[in-house]
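Peer 1:
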Amino acid sequence: MKKVKYKPLLLVLAALQLIACNGPQQVNKETLKDAFAGKFYIGTALNEWQITGRDTASIDVVKEHFNAIVAENCMKSAEIQPEEGVFDFSLADKFVDFGEQHNMFITGHCLIWHSQAPRWFFTDSLGNDVTREVLIGRMKTHIETVVGRYKGRIKGWDVVNEAIVEDGSFRESKFYQIVGEDFIKLAFQFAHEADPDAELYYNDYNEWYPGRRDAIVAMIKKFKADGIRIDGIGMQGHIGMSGPSIEEYEEAIMAYANEGMKVMVTELDMSILPNPSFGDLGADISTNFEYRKEINPYEDGIVPLEKQNEWDSRMVEFFNLFLKHSDDITRVTLWGVNDRTSWKNNFPVRGRTDYPLLFDRENQPKSIVGKLIDLAKQTK
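For the sequence shown, the residue numbers in mature numbering (1 follows the signal peptide of the UniProt record, and there is no 0) are -20 to -1, 1 to 360.
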């Protein structure tokens, strides 16, 4: 009978026992915020479950990888002031507290936006449109109250969101119809008065469209001529696999930077799904198309490796562009922590399953995270 040698086996068992007693040995994990330190802030949007701490797994990702945060919904006017004079800061306060506790750059989003605004903002007791003077007064009260509450705590504000359409004309919102184009300038004026030290931004999607880009540049020039403070442009960055091109996006970055603006990518995500006839929708949340099986190919959660690599390559291209212009780009913020909670799952088709972010549905880093960390480390 062959003699069995137990010594190697005993050594393995001893090692396993040591791990069981002391836990797995921690390796130094490189994080996104460390990799991009000195280049730009790397941020994410937080939803209600994350702000309140109920989604603990997502919050762990936020604390580990990000050093900037923006509120996805809780600071929009319908949430903050659902009735005239009735302000609810309960969730917004928790959001700001979280950012301060973890030494993060906090952005307020957003003060004036035609969508997710309460209906009362624009109407009188009979349901008729209010006068220009009344709406300006309501804007002033709202902005002064919200910005004033977080004076010195929130570092920058998306003052006006999505006020210009692709051809460069003004969006026919109630703000524009009642006040005229001055509503944008007035909003920036009121925000500056409420907190003279806060940075003030204009934020929009499809911000690379030549018509919209040129109109934003013209607005910046007009603000400067009128002595109105504006510090930066938020390029939302809701991109797709087929557009915009890197060249188109770079042209927009340079156009804003050439006007002395800080440039931020404020709501970055990239749909991996087919986009056969939607065009460049950006983030017009009122848009919805009929569900078809062929435009929801990964509902089982499995993305083919070839497709994931294609997605990774395009995202790396964009981050390479951001790093190239890091002297002008101050922040790159993802619009959500993980694929499961992304708004892209239902846009522009309800019921689709999308994979537009850096972390998967279980809050695990996707292959892109390591690639971005390596890219940042290689960039001087």
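Glycine included, C-beta positions come from ideal geometry on N, C-alpha and C.
Are the C-beta of Lys74 and some C-beta of chain D separated by less than 8 Å?
Peer 2: Looking at the structure shown, chain D is missing, and only one protein chain is on hand.
Peer 1: Do you know whose CA, among Glu146, Val283, Val329, lies nearest Ile275's CA?
Peer 2: The count along the sequence shown starts at 1 and reaches residue 275 at position 295. Ile275 has its Cα closest to that of Val329, out of Glu146, Val283, Val329.
Peer 1: Residue range of the alpha helix (DSSP H) that Arg118 falls in?
Peer 2: Against the sequence shown, residue 118 aligns to sequence position 138. Arg118: member of the alpha helix (DSSP H) spanning 112 to 129, first to last residue.
Peer 1: Taking only the alpha-carbon atoms, compute the straight-line gap between Ala58 and Ala72 and give it to the nearest angstrom.
Peer 2: Here the question's residue 58 lines up with position 78 in the sequence shown. Here the question's residue 72 lines up with position 92 in the sequence shown. The alpha-carbon atoms of Ala58 and Ala72 are separated by roughly 13 Å.
Peer 1: Please check the pair Val243 and Gly212, which I expect to be a contact at CB under 8 Å, by giving their CB distance rounded to whole angstroms.
Peer 2: Locating residue 243 in the sequence shown gives position 263, counting from the first residue. Locating residue 212 in the sequence shown gives position 232, counting from the first residue. Contact flag correct, Cβ pair sits at about 7 Å.
Peer 1: For the segment 13 to 92, which segments carrying the beta strand (DSSP E) assignment without a break, of at least 3 residues, lie completely within its bounds, in sequence order?
Peer 2: Within the segment 13 to 92, complete beta strand (DSSP E) segments of at least 3 residues are found at 21 to 26, 48 to 51, given in chain order.
Peer 1: Going by CA-CA distance only, name the one from Glu10, Val76, Pro62, His45 that's closest to Thr32.
Peer 2: Taking the first residue of the sequence shown as 1, we reach residue 32 at position 52. For Thr32, the nearest C-alpha among the options comes from Val76.
Peer 1: Confirm, please, whether the CB-CB distance from Asn141 to Ile92 is below 8 Å.
Peer 2: Working through the sequence shown from its first residue, we reach residue 92 at position 112. Working through the sequence shown from its first residue, we reach residue 141 at position 161. Against a cut-off of 8 Å, the Cβ pair of Asn141 and Ile92 comes out as a contact.
Peer 1: In its own chain, which residues sit with a C-beta less than 8 Å from the C-beta of Glu173, not counting the 5 before and 5 after it?
Peer 2: Within the sequence shown, the letter at position 193 stands for residue 173. Contacts found: Glu124.
Peer 1: Need the endpoints of the alpha helix (DSSP H) that Ile164 sits in, please.
Peer 2: As a working note, residue 164 is residue 184 in the sequence shown. Where Ile164 is concerned, the enclosing alpha helix (DSSP H) stretches over 162 to 174.
Peer 1: Roughly how many angstroms separate the alpha carbons of Ile348 and Asn47, rounded to a whole number?
Peer 2: Along the sequence shown, read from residue 1 onward, the residue named residue 348 stands at position 368. Along the sequence shown, read from residue 1 onward, the residue named residue 47 stands at position 67. If you take the alpha carbons of Ile348 and Asn47, they lie about 18 Å apart.
Peer 1: Look up Pro345 in the DSSP assignment and give the residues it is bridged to.
Peer 2: Counted from its first residue, the sequence shown places residue 345 at position 365. For Pro345, which the question treats as bridged, DSSP gives the partners Phe339.
Peer 1: Helix, strand or coil: which one does DSSP assign to Trp291?
Peer 2: The sequence position of residue 291 within the sequence shown is 311, counting from 1. Helix, per DSSP.
Peer 1: Can you say whether Arg99 is buried or exposed, counting buried as having 16 or more other CB atoms within 10 angstroms of its CB?
Peer 2: Position 119 of the sequence shown, counted from the start, is the residue given in the question as residue 99. Looking at its Cβ environment, which holds fewer than 16 other Cβ atoms inside 10 Å, Arg99 is exposed.
Peer 1: From Gly207 to Leu338, what does the alpha carbon distance come to, in whole angstroms?
Peer 2: If you number the sequence shown from 1, residue 207 lands on position 227. If you number the sequence shown from 1, residue 338 lands on position 358. The alpha-carbon atoms of Gly207 and Leu338 are separated by roughly 40 Å.
Peer 1: Grouping DSSP H, G and I as helix and E and B as strand, with all else coil, what is Arg133?
Peer 2: Counting from 1 along the sequence shown, the entry for residue 133 is found at position 153. Correct three-state label for Arg133: coil.
Peer 1: Out of curiosity, what's the CA-to-CA distance linking Lys346 and Asn108?
Peer 2: To locate residue 346, count along the sequence shown from 1; it is residue 366. To locate residue 108, count along the sequence shown from 1; it is residue 128. Going by the C-alpha atoms only, they are around 51 Å apart.
Peer 1: Could you round the C-beta distance between Gly132 and Glu179 to whole angstroms and report it? I think they count as a contact, below 8 Å.
Peer 2: Residue 132 sits at position 152 when you count from the first residue of the sequence shown. Residue 179 sits at position 199 when you count from the first residue of the sequence shown. That pair is no contact at about 12 Å.
Peer 1: On the three-state DSSP scale, how would you describe Tyr236?
Peer 2: Counted from its first residue, the sequence shown places residue 236 at position 256. Of the three classes helix, strand and coil, the one that applies to Tyr236 here is helix, per DSSP.
Peer 1: Distance, Cα to Cα, Pro62 vs His82?
Peer 2: The residue you call residue 62 lines up with position 82 of the sequence shown. The residue you call residue 82 lines up with position 102 of the sequence shown. Using only the alpha carbons, I get a separation of about 29 Å.
Peer 1: Do Glu239 and Ile200 count as a contact pair if the criterion is CB distance below 8 Å?
Peer 2: Position 220 of the sequence shown, counted from the start, is the residue given in the question as residue 200. Position 259 of the sequence shown, counted from the start, is the residue given in the question as residue 239. Contact: yes.
Peer 1: How would you call Lys324, buried or exposed, if buried means at least 16 neighbouring beta carbons within 10 angstroms?
Peer 2: Walking along the sequence shown from the start, residue 324 turns up at place 344. Under this definition Lys324 is a buried residue.
Peer 1: What residue does the beta strand (DSSP E) around Ile309 start on, and which one ends it?
Peer 2: By 1-based counting over the sequence shown, the position of residue 309 is 329. It spans 309 to 314 - the beta strand (DSSP E) in which Ile309 sits, taken as one unbroken run.
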